[in-house]
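Shown next, in structure tokens, is the structure this report addresses.
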Amino acid sequence: MERLLALWLPGLSLESSTGAELRDFAEALRVVATQCPFVTPVRLGLAVLPARAPSRFFGGEEAVCALLRDELHDIACRNNTEVRIGIADGLFAATRAAKENVVVPYGATPTFLAALPLSSLRRPELAALCVRLGLPTLGHFGALDPDRVLERFGTEGLACHRVARGESGELEGLRDPSIQIRLRALDEPQVLHSQPTFFGGTSLAQERATRAAIRLQQRFGARTVQVARLYAGHDPHERGELVPFGAPTVQDTAEQLWPGGLPAPSPTTVFCTPRSVRLTDKQGTPVGVSPRGLLSTRPERCTIEGEPRTISVRAWAGPWPLTTRWWESRRHRVRLQVLTETGVGMLLAMERGGWFLLGRYD
Amino acid sequence: MFAFSSHARQLPARPSIPADLRQRVRPLVSASSRTLPVLPALADVLPGASLRRGTTTLVSGPLGSGTTSLGIALVAHASQAGHWCAAIGFEDPGVAAMSELGLDLRKVVFVPSPRGGWAEAVAELLDGVELILLQPPQRVPHAAARQLVARARERRAALIVVVPSREQWPLPVEVHLEILQSTWQGAGHGEGRFRSRRADIRIEGRGATTTLQTSLWLPSARGDVVVTSEVC
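Order-wise, the sequence lines are chains A and B.
Under the numbering used here, think of the first position of the first sequence as 1164, with each following residue one higher.
Under the numbering used here, think of the first position of the second sequence as 430, with each following residue one higher.
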């Protein structure tokens, strides 16, 4: 999970009739954005930003906290409040860290979460029941078997369970979905005519499908039934993901392709665990890629791990290099589309000297 | 009465529904009764121009020939129209490709590798969804297939079975789409990229006197599914 810095201005969390809090919060976001990128408002008075890059730039997480405290001092004084800043992994832990005004060290987020009382999830019924069962903290709750949690508490409980275990930072109710629209409306004073309509509502078809999916999850386990998520990214295997049905939705996922990504059509089968492939020319010399991104020889024969047959290659396209995170070493990948003699399209990739089958155009 | 009818005649004529809109409205109306809408290209080639509820459609073809794409294309339009779909047995789905083929991912549940047996998973899901896209892991036993078909008919759901060869499904089906051969176009010796795939398809309907043979772009260079005669 991403390491997040959460900043909380308690005095701005409650709105008065003048609307001054919203304007001051918008100003606070602007001030923070001049120092650190990607500031996202969560709800009124609370915002998060990725912590890793700024802490490297400013020389440590404590330095970032001090800087932001300094920058927000005026706004906080004007509103007669304080600035609370916390850093931890995932949205939930980060907001809790901001409440406590602490920086949770690297790798200590599960320990931090485990000590929190169950009431911090803001699910009163669940908390009351678990406390009576002798499970006062998130640590106790997280130690339960996910299938049992699903049985007893449903998908809502499962979402809480994932948060308690530190597998997910998103919890319904944590974000105020209207805050972004309201902040944008400050900049554009004209009338808002777009009503955010949330998917589904409570149509009969949706209810039936949900009930069938939950029954199946209760019989065969939570991971049996999944839903697909599409993200922004470069390659097919980075853009799609299956998550258990009922897992909380991540908001603001853009679906567009990043520059350097493979354009449509995408492969209809994308292997979770890429299989290694031996790609050679007619003489059996392995195909390599030069530092300038050219193939060393013509790809003619292809053998996929676990399949005895050698396939003849009729045509190929590429190679297309992609270097991500160039500041970390060895994140260089080359993609190649291969068309076999029988007309089957495959997507291969070379990373760290070997070819892999990423997907098939099935 | 005369006054009334003459008055009515003076009213401006009701504008007719544009052709492209009518295409999209018509299946929505009939969906509630007997059929589920399909993409226009598939409506042209399918017997009855739609997926009939309670029936089985078989998609067969060698591995990698485009059976997965064809199966998704069959359910794409119905999912856009708001019908829920379950994809069972697709272990490594290409989520981006499914979205490109027009599938509404918010209306699909995946059961990639059901632990307790795929047949039970299908039976359970048939209570909740209207379309089942099934890729059985091996040859389907006769008894299991009969049970599923009966359940689908009873629940008025469309069952679409994707298999590598006809022998994998032991029962007669209402519609059988067989991909005879297919190939990608656009790649050369290093240059270009995969842009479109031409697939030769044979369509047999139960009780139909003739079998139809046609070619589809699956997908075309524009990303949609069309009959080859129309455009590249």
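Where a beta carbon is used, it is the ideal one built from N, C-alpha and C, also for glycine.
Predicted model, so just to flag it, every value in this text is computed and none were measured.
For residue i, count neighbouring C-beta atoms within 10 Å of its own C-beta (all shown protein chains included) and say buried if the count is 16 or more, exposed if not.
i         : result
His436/B  : Only weak support exists for where His436/B lies, its pLDDT of 48 falling under 50; the value from the coordinates is given anyway. Exposed: under 16 other Cβ atoms inside 10 Å.
Ala1183/A : exposed
Arg1328/A : buried
Ala1196/A : exposed
His605/B  : buried
Glu553/B  : buried
Gly1396/A : buried
Leu609/B  : exposed
Val660/B  : A caution first: Val660/B carries a pLDDT of 43, below 50, which makes its placement in the model unreliable, though a value can still be read off. So Val660/B ends up on the exposed side.
Gln1389/A : buried
Ile1342/A : buried
Val458/B  : Residue confidence is low: Val458/B scores 44 on pLDDT, short of 50, so the model does not pin down where it sits. Its coordinate-derived value is still stated next. Val458/B comes out exposed.
Asp1252/A : buried
Pro1426/A : exposed
Phe519/B  : buried
Ala1480/A : buried
Arg1193/A : exposed
Arg635/B  : exposed
Leu1129/A : Residue numbering for chain A in the displayed model covers 1164 to 1525; residue 1129/A lies beyond these limits and cannot be assessed.
Tyr1269/A : exposed
Ala1261/A : buried
His1324/A : buried
Ile1344/A : exposed
Thr1431/A : buried
Helix, strand or coil: which one does DSSP assign to residue i?
i         : result
Pro1204/A : strand
Gly1364/A : Low confidence applies here, because Gly1364/A scores a pLDDT of 43, under 50, leaving its location unreliable and the question unanswered by this model.
Val1235/A : First, the residue type needs correcting, since residue 1235/A is Leu and not Val in the sequence shown. Looking at Leu1235/A - three-state DSSP - the assignment turns out to be coil, as it is neither helix nor strand.
Arg582/B  : helix
Ser434/B  : Summary for Ser434/B: the model assigns pLDDT 46, below 50, so the residue's position carries little reliability; its value from the coordinates is reported in the next sentence. Three-state result, Ser434/B: helix.
Gly1320/A : helix
Val569/B  : coil
Ala1391/A : strand
Glu559/B  : coil
Thr497/B  : helix
Cys514/B  : strand
Val590/B  : strand
Leu468/B  : coil
Ala394/B  : Only positions 430 to 661 of chain B appear in the structure, and residue 394/B is not among them; the question remains open.
Glu553/B  : helix
Gln1343/A : helix
Gly531/B  : coil
Phe1519/A : strand
Ser508/B  : helix
Val1354/A : Residue placement at Val1354/A is poorly supported in this model, since its pLDDT is 33, which falls under 50; the coordinates still yield a value, given next. Val1354/A: coil per DSSP, three-state reduction.
Val1507/A : coil
Arg635/B  : coil
Val1195/A : helix
Gln1369/A : helix
Arg1374/A : helix
Arg1382/A : helix
Just to confirm, are residue i and residue j a CB contact at a threshold of 8 Å?
i         : j         : result
Leu1531/A : Ala1290/A : Only positions 1164 to 1525 of chain A appear in this structure, which leaves residue 1531/A out of reach.
Arg1477/A : Glu1514/A : no
Ala550/B  : Leu1379/A : yes
Arg1498/A : Asp1398/A : yes
Thr485/B  : Val592/B  : no
Trp513/B  : Val474/B  : no
Arg482/B  : Ala586/B  : yes
Val538/B  : Gly1403/A : no
Ala616/B  : Leu647/B  : no
Leu532/B  : Val488/B  : no
Asp1525/A : Ser498/B  : yes
Gly500/B  : Val1507/A : no
Trp1171/A : Leu1209/A : yes
Leu1298/A : Ala1385/A : no
Ile1467/A : Val1440/A : yes
Pro1173/A : Thr1244/A : yes
Leu600/B  : Arg575/B  : yes
Leu418/B  : Ala502/B  : Residue 418/B lies beyond the residue range present for chain B, which begins at 430 and ends at 661; the question has no answer from this structure.
Less than 8 Å between the CB atoms is what I'm expecting for residue i and residue j, so what's the real figure, rounded?
i         : j         : result
Arg631/B  : Glu607/B  : 5 Å
Ile1238/A : Asp1187/A : 6 Å
Trp547/B  : Pro566/B  : 7 Å
Thr1473/A : Thr1460/A : Incorrect: roughly 16 Å between the Cβ atoms, too far for contact.
Leu1346/A : Ala1189/A : 5 Å
Sequence ranges, alpha helix (DSSP H) only - wholly within the region 1219 to 1290 of chain A, length at least 4: List check, alpha helix (DSSP H) in window: 1224 to 1234, 1236 to 1241, 1254 to 1263 and 1272 to 1277.
Complete runs of the beta strand (DSSP E) confined to the region 1451 to 1477 of chain A [at least 3 residues]: List check, beta strand (DSSP E) in window: 1464 to 1467.
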